[in-house]
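Chain order of the listed sequences is A and B. The numbers in the numbering used here rise by one with no breaks, and the one at position 99 of the first sequence is 99. The numbers in the numbering used here rise by one with no breaks, and the one at position 35 of the second sequence is 1035.
There are 2 protein chains.
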Amino acid sequence: MNVCPPNRSPGCPVEGALDVIGGKWKGVVMFHLLHGTKRFNELRRMMPGVTQRMLTRQLRELEADGLVHREVYAEVPPRVEYSLTAKGETLRDIILALKAWGETHVPYYALSKLGVPETETA
Amino acid sequence: MNVCPPNRSPGCPVEGALDVIGGKWKGVVMFHLLHGTKRFNELRRMMPGVTQRMLTRQLRELEADGLVHREVYAEVPPRVEYSLTAKGETLRDIILALKAWGETHVPYYALSKLGVPETETA
DNA sequence: AGCAATAGTATACAAAATGTCACTATATGC
DNA sequence: GCATATAGTGACATTTTGTATACTATTGCT
Chain A
1 MNVCPPNRSP GCPVEGALDV IGGKWKGVVM FHLLHGTKRF NELRRMMPGV
51 TQRMLTRQLR ELEADGLVHR EVYAEVPPRV EYSLTAKGET LRDIILALKA
101 WGETHVPYYA LSKLGVPETE TA
Chain B
1001 MNVCPPNRSP GCPVEGALDV IGGKWKGVVM FHLLHGTKRF NELRRMMPGV
1051 TQRMLTRQLR ELEADGLVHR EVYAEVPPRV EYSLTAKGET LRDIILALKA
1101 WGETHVPYYA LSKLGVPETE TA
């Protein structure tokens, strides 16, 4: 059962997929975009801890990988909207599975599941 | 629509999950272990491109996260076997989903699915 | 005696990812 | 005039990740 090509860069399909969503903030960005189009600062506010710089970079990489669409409106206070592409949508189930897994298996979240009134996911 | 805690380290459950399998080789290691217990060098041979050091590190981190079990046999030529823990098994579906996604959406694999017999690339 | 295989560790270093901080431009509100 | 908000960019520092190489110890093979 050979699963990997001899010695290519994205060693495995698994690796290739992780290259795409493995960035520190990419998964979270994708998750938020699952809920619909978001503006830059809107995303930023949803992700405390991310810096402008990092958010920009992660979004650009997601855009380069064809998962996210970037729409710029030439308005007076600049407006840029990010949304999932069709390809990005194909990751929906995986992102949701990762979220579910994190909630039950990452200590911090597993704990908060025990008593904290969880806010909705929609 | 608050999905993230105020400003905690593993920003989101999604992020927490990716922290765990996001390492460069972790996904692949997990994938190989899905097929059963493997010895150190066995894994190494399955993953051309990984160095001894990196494989050791990734395995130790997976062990620390409770996903992988490390069994050392005090034998003459050392033998160490790695296997998934119950917690590691909970990632099975996600790993397989990542693999499937990679196969259809990562250019390199999407191509090889079409019949390109690229078994040699130096 | 010399070599390979086992599963690593130690050291040194290079590169990539991530992070901080300051800065841009324009318009509105005070 | 100054602060705010918008969506960034540029220089730089740090952290993480990765590489190369040599080294450990034991035993079997030749």
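The beta carbon of each residue, even a glycine, is placed where N, CA and C say it ideally should be.
Determine, using beta carbons only, whether residue 1082 of chain B and residue 1038 of chain B come nearer to each other than 8 Å. Sequence index remark: in the second sequence, residue 1082 of chain B carries index 82 (1-based). Sequence index remark: in the second sequence, residue 1038 of chain B carries index 38 (1-based). Contact annotation: residue 1082 of chain B and residue 1038 of chain B have beta-carbon atoms nearer than 8 Å.
Under 7 Å between beta-carbons, which chain B residues line up against residue 105 of chain A? List them in chain order, please. Residue numbering aside, residue 105 of chain A sits at position 105 when the first sequence is read from its first letter. What residue 105 of chain A touches in chain B: 1087, 1090.
First and last residue of the uninterrupted beta strand (DSSP E) at residue 1080 of chain B: Stepping through the second sequence from its first residue, residue 1080 of chain B is reached at position 80. Counting along the chain, the unbroken beta strand (DSSP E) around residue 1080 of chain B starts and ends at 1079 to 1084.
Would a check of beta-carbon distances place residue 28 of chain A closer than 8 Å to chain B? Working through the first sequence from its first residue, we reach residue 28 of chain A at position 28. Yes, residue 28 of chain A lies at the interface with chain B (some Cβ there is under 8 Å from its Cβ).
Could you tell me if the beta carbon of residue 98 of chain A falls within a distance shorter than 7 Å of some heavy atom in the ligand SAM? Of ligands this structure carries none, so the ligand SAM is not represented either.
Out of B:1044, B:1069, B:1075, which one is the CA nearest neighbour of residue 1087 of chain B? Your numbering for residue 1087 of chain B matches position 87 in the second sequence. Comparing Cα positions, the closest option is B:1069.
Beta carbon proximity, residue 1015 of chain B to chain A, threshold 8 Å: Sequence index remark: in the second sequence, residue 1015 of chain B carries index 15 (1-based). Yes, its Cβ sits closer than 8 Å to a Cβ of chain A.
On the CB-based measure, 16 or more other CB atoms within 10 Å of its CB, does residue 17 of chain A come out buried or exposed? Taking the first residue of the first sequence as 1, we reach residue 17 of chain A at position 17. Counting Cβ neighbours within 10 Å, residue 17 of chain A comes out buried, since at least 16 surround it.
Limits of the alpha helix (DSSP H) - the one that residue 28 of chain A falls within: Looking up residue 28 of chain A in the first sequence gives position 28. Residue range 26 to 34 is occupied by the alpha helix (DSSP H) that includes residue 28 of chain A.
Any beta carbon from chain B within less than 8 Å of residue 7 of chain A's own beta carbon? Residue 7 of chain A sits at position 7 when you count from the first residue of the first sequence. Because residue 7 of chain A sits at a pLDDT of 35, beneath the cut-off of 50, its placement in the model cannot be relied upon, and the following sentence gives the value as read from the coordinates. With a threshold of 8 Å between beta carbons, residue 7 of chain A makes contact with chain B.
By the three-class DSSP mapping on this structure, what secondary structure does residue 89 of chain A have? Position 89 of the first sequence holds residue 89 of chain A. If DSSP states are grouped into helix, strand and coil, residue 89 of chain A belongs with the helices.
Taking the CB atoms as reference points, tell me whether residue 124 of chain A and residue 29 of chain A lie closer together than 8 Å. With chain A covering only 1 through 122, there is no way to say anything about residue 124 of chain A.
Does the beta carbon of residue 1064 of chain B come closer than 8 Å to any beta carbon on chain A? In the second sequence, counting from the first residue as 1, residue 1064 of chain B sits at position 64. Judged by the 8 Å Cβ criterion, residue 1064 of chain B is not in contact with chain A.
Closer than 7 Å by beta-carbon distance: list the chain A residues that pair up with residue 1084 of chain B, in chain order. Residue 1084 of chain B sits at position 84 when you count from the first residue of the second sequence. Close partners of residue 1084 of chain B in chain A (Cβ separation under 7 Å) are lacking, with about 13 Å as the shortest Cβ gap.
Scan the segment 28 to 48 of chain A for residues whose Cβ lies nearer than 9 Å to a Cβ of chain B and list them as they occur along the chain. For the segment 28 to 48 of chain A, residues whose beta-carbon sits nearer than 9 Å to a beta-carbon of chain B comprise 28, 30, 31, 32, 35, 46, 47, 48.
If you measure from the beta carbon of residue 73 of chain A to each beta carbon in chain B, is any gap under 8 Å? Taking the first sequence and counting its residues from 1, one reaches residue 73 of chain A at position 73. No, residue 73 of chain A lies away from the interface with chain B (no Cβ there is under 8 Å from its Cβ).
Would you tell me roughly how many angstroms separate the C-alpha atoms of residue 1060 of chain B and residue 1072 of chain B, rounded to the nearest one? On the second sequence, residue 1060 of chain B is found 60 positions in, with the first residue counted as 1. On the second sequence, residue 1072 of chain B is found 72 positions in, with the first residue counted as 1. One C-alpha to the other measures close to 13 Å.
Counting only Cβ pairs nearer than 9 Å, list the residues of chain A close to residue 1018 of chain B. Here residue 1018 of chain B refers to the residue found at position 18 of the second sequence. Correct list: 18, 21, 22, 23, 24, 26, 27, 28, 98, 102.
Between the C-alpha atoms of residue 1044 of chain B and residue 1035 of chain B, what's the straight-line distance to the nearest angstrom? What you label residue 1044 of chain B is simply residue 44 of the second sequence in a count that begins at 1. What you label residue 1035 of chain B is simply residue 35 of the second sequence in a count that begins at 1. Straight-line Cα distance between these residues: approximately 15 Å.
Hey, residue 1014 of chain B and residue 99 of chain A: beta-carbon distance below 8 Å or not? Along the second sequence, one-based indexing puts residue 1014 of chain B at 14. Along the first sequence, one-based indexing puts residue 99 of chain A at 99. Contact flag set, yes.
Using a Cβ-Cβ distance under 8 Å, would residue 108 of chain A count as near chain B? As a position in the first sequence, residue 108 of chain A is number 108, starting the count at 1. True, the Cβ-Cβ gap to chain B drops below 8 Å.
Secondary structure of residue 71 of chain A, DSSP reduced to three states: Residue 71 of chain A sits at position 71 when you count from the first residue of the first sequence. In the structure shown, residue 71 of chain A sits in a strand (DSSP, three-state: E or B).
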